[in-house]
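First comes the structure, then the notes that go with it.
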Amino acid sequence: MSSGGTSPSTASVVRKRVVTLALGVGFLGGLGIPAAGADVAAAAPGPQTVVQEQAPSLPSGRTTYRTITEYNDEMLALSARHPGLVKHITLPHKTRQGREVYGIEVTHDVGAADGKPVLLMMGVHHGNEWPSGEHTMEFAYDLIGNDGKDPRITRLLDTARVIFVPVVNVDGFVINRRTSCGVSPTCASNAGVDINRNYPFGWGSNAGSNATTRGPGPGSEPEVQNIMDLTKNNQVTVLITNHTSGHTVLRPPLEKRAGDAPDEAVYAALTDAITAENGYTGMKSGFDYETTGETPDWSYYATRGLGFTFEIMKTQSTNNTYSEVIEDYTGTGRYEGKSNREAFMVALEYAADPAAHSVITGKAPKGAVLKVTKDFDLWTAPIRQAGDVLDPPQRVPTHLESTLVAPTNGKFAWHVNPSVRPAPAYTETGVVATGPGNFIKESWTLTCARPTGEVLETVHVTVDRGEKVDVRLQECKTRFNGNGPKN
Ligand SMILES: [Zn+2]
Numbered sequence: 021m022s023s024g025g026t027s028p029s030t031a032s033v034v035r036k037r038v039v040t041l042a043l044g045v046g047f048l049g050g051l052g053i054p055a056a057g058a059d060v061a062a063a064a065p066g067p068q069t070v071v072q073e074q075a076p077s078l079p080s081g082r083t084t085y086r087t088i089t090e091y092n093d094e095m096l097a098l099s100a101r102h103p104g105l106v107k108h109i110t111l112p113h114k115t116r117q118g119r120e121v122y123g124i125e126v127t128h129d130v131g132a133a134d135g136k137p138v139l140l141m142m143g144v145h146h147g148n149e150w151p152s153g154e155h156t157m158e159f160a161y162d163l164i165g166n167d168g169k170d171p172r173i174t175r176l177l178d179t180a181r182v183i184f185v186p187v188v189n190v191d192g193f194v195i196n197r198r199t200s201c202g203v204s205p206t207c208a209s210n211a212g213v214d215i216n217r218n219y220p221f222g223w224g225s226n227a228g229s230n231a232t233t234r235g236p237g238p239g240s241e242p243e244v245q246n247i248m249d250l251t252k253n254n255q256v257t258v259l260i261t262n263h264t265s266g267h268t269v270l271r272p273p274l275e276k277r278a279g280d281a282p283d284e285a286v287y288a289a290l291t292d293a294i295t296a297e298n299g300y301t302g303m304k305s306g307f308d309y310e311t312t313g314e315t316p317d318w319s320y321y322a323t324r325g326l327g328f329t330f331e332i333m334k335t336q337s338t339n340n341t342y343s344e345v346i347e348d349y350t351g352t353g354r355y356e357g358k359s360n361r362e363a364f365m366v367a368l369e370y371a372a373d374p375a376a377h378s379v380i381t382g383k384a385p386k387g388a389v390l391k392v393t394k395d396f397d398l399w400t401a402p403i404r405q406a407g408d409v410l411d412p413p414q415r416v417p418t419h420l421e422s423t424l425v426a427p428t429n430g431k432f433a434w435h436v437n438p439s440v441r442p443a444p445a446y447t448e449t450g451v452v453a454t455g456p457g458n459f460i461k462e463s464w465t466l467t468c469a470r471p472t473g474e475v476l477e478t479v480h481v482t483v484d485r486g487e488k489v490d491v492r493l494q495e496c497k498t499r500f501n502g503n504g505p506k507n
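For the record, in the sequence shown the residue sitting at position 91 is 111 according to the working numbering, with numbers rising by one throughout.
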């Protein structure tokens, strides 16, 4: 575990300001020493000094909800203003209504394929859960604005990459409704698809969904495919999907019958560290209410990166007042002392911590293109159709692939998820609870290639959580430089 809980907070989110109304008093305020401000005011005779509560502020300074245009413009502006730190991304699939979905990546030397572990953070899977996009965006501002000023954040941006997609369900967001457009070309239907019931792992059991809201097939929706592609093509060691509401931090399983995650002890410990900061209640998702087809169960069972749903805001309201959005992020007002910002920081520290994932080290020729890949099947649940007809589970072929380019000195340290995969409860023959410690011993396939794509060497790497494996790519080196035996 990281030491996030004990690190000093450097968030400048709330300040008490001592205002001096007369000469000779309130010198503490003049020196910028705010801690005892209130006491000074209380103890001071006469009316010379008053203490004003400065409104707590978000990293961006915003005081109202963003529109989709504002989200998109701000992400473009951030990448233009911080070219080495912020990279603008367009996700591969347009929404059902043909809108682009955008995000940003944040890390030092952001353009490099450098093998850093990734925290993936998202908002607005549900189009009417506006605060979820705001917290996502504000954490991006927080990291960007504090880079080079706050040593903790600066260090984390040396060692981890953070990918932000503040609005996943753009079609739903622009009409302020939970579901996406679905297959209705005009979005006229009230139904649409609940894209947080469309992820393929365990899909189809109808827990918390039905044949309409879950979508026509497992992972059928472009908005879901965007997030699956990001997750499969990066080493996402921690995933946070922000929603509203209830102040809970949810982890697998979505359905009780699926049993605890094979990494339940690790999951529970990180949940505790997160909820110690934001004051939310940590729980297994199925014990809140049961569903299938949500993001974190799919991402965990596909990658072994730890996925969480954050239900931010205490109570559900489409239009939670913006002051509540600010207070929940900054730990002020009604949420005094417990901030979601610090919870995000704990998650980021964990995402960056090599002891919590795996590392492949080695040396490759400068400019060689390394890939790790993995292919396996996941399964839906037995699929419940109309009239309670049960169709057999559907196979979900799953391909993970990420890339690193060997740097000038050839030495690399690739932060990856373990190759050893959690045994899934959803199988070809039905649901069989797995439980703690139940893993499938698989390997990463690592290839070393020329930039043209010609593969020069292939090795298989088996690596578990917390382990480091060194690979020798001697054949690649010899052939890359063209002075060794050809075959
Ligand atoms: Zn939601």
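Just so it is clear, CB atoms sit at the ideal spot from N, CA and C, and this is done for glycine as well.
If you're wondering where the values come from, they're calculated on a predicted model, not measured in any experiment.
The residues Ala-375, in chain order, have a CB closer than 6 Å to that of Gly-486 in the same chain once the five nearest residues on each side in sequence are set aside. Distances from the CB of His-435 to the heavy atoms of ligand 1 are all 6 Å or more. Assignment of Ile-294 by DSSP, reduced to helix, strand and coil, places it in the helix class. For Gly-165, the uninterrupted alpha helix (DSSP H) segment begins and ends at 150 to 166. Fewer than three beta-carbon pairs drawn from the segment 214 to 228 and the segment 167 to 184 are found closer than 8 Å, and the two stretches are therefore not classed as touching.
Contact check for Gly-235 and Asn-218: beta-carbon distance about 4 Å, within the 8 Å limit, so the pair qualifies. Counting only runs of 4 or more residues that sit fully inside the segment 348 to 423, the alpha helix (DSSP H) segments are 360 to 372, in chain order. The beta carbons of Ala-160 and Ala-371 sit no closer together than 7 Å.
Non-local C-beta neighbours of Thr-381 in its own chain, meaning closer than 6 Å and more than five positions away in sequence, comprise Ala-433, Asp-490, ordered along the chain. Nearest neighbour of Pro-151 by Cα position, chosen from Arg-86, Met-303, His-419, Glu-120, turns out to be Arg-86.
Between ligand 1 and Glu-421, a heavy atom-to-CB distance of less than 6 Å is absent.
Going by beta carbons, Ser-200 and Glu-243 fall inside the 7 Å limit. Put simply, the segment 125 to 145 touches the segment 248 to 259. At least three CB pairs are less than 8 Å apart. The way I'd put it, the segment 425 to 441 does touch the segment 460 to 470; three or more beta-carbon pairs between them come closer than 8 Å. The beta carbon of Ala-401 sits closer than 7 Å to the beta carbons of Gly-222, Trp-223, Gly-224, Ser-225, Thr-312, Pro-413, Tyr-446, Val-451 from its chain, once the five residues preceding and following it are set aside; these are given in chain order. When the five nearest sequence neighbours on each side are left out, the beta carbons in the same chain lying within less than 6 Å of the beta carbon of Phe-396 are those of Thr-418, in order along the chain. Its Cα nearest to that of Thr-478, the residue Ala-384 stands out among Pro-456, Ala-384, Val-436, Arg-404. Setting aside the 5 residues that flank it on each side, Ser-240 is surrounded in the same chain by Asn-218, each with a C-beta closer than 7 Å to its C-beta; the list follows chain order.
Burial state of Asn-196 is exposed, judged by a 10 Å Cβ sphere holding fewer than 16 other Cβ atoms. The straight-line gap separating the alpha-carbon atoms of Ala-132 and Leu-390 is approximately 13 Å.
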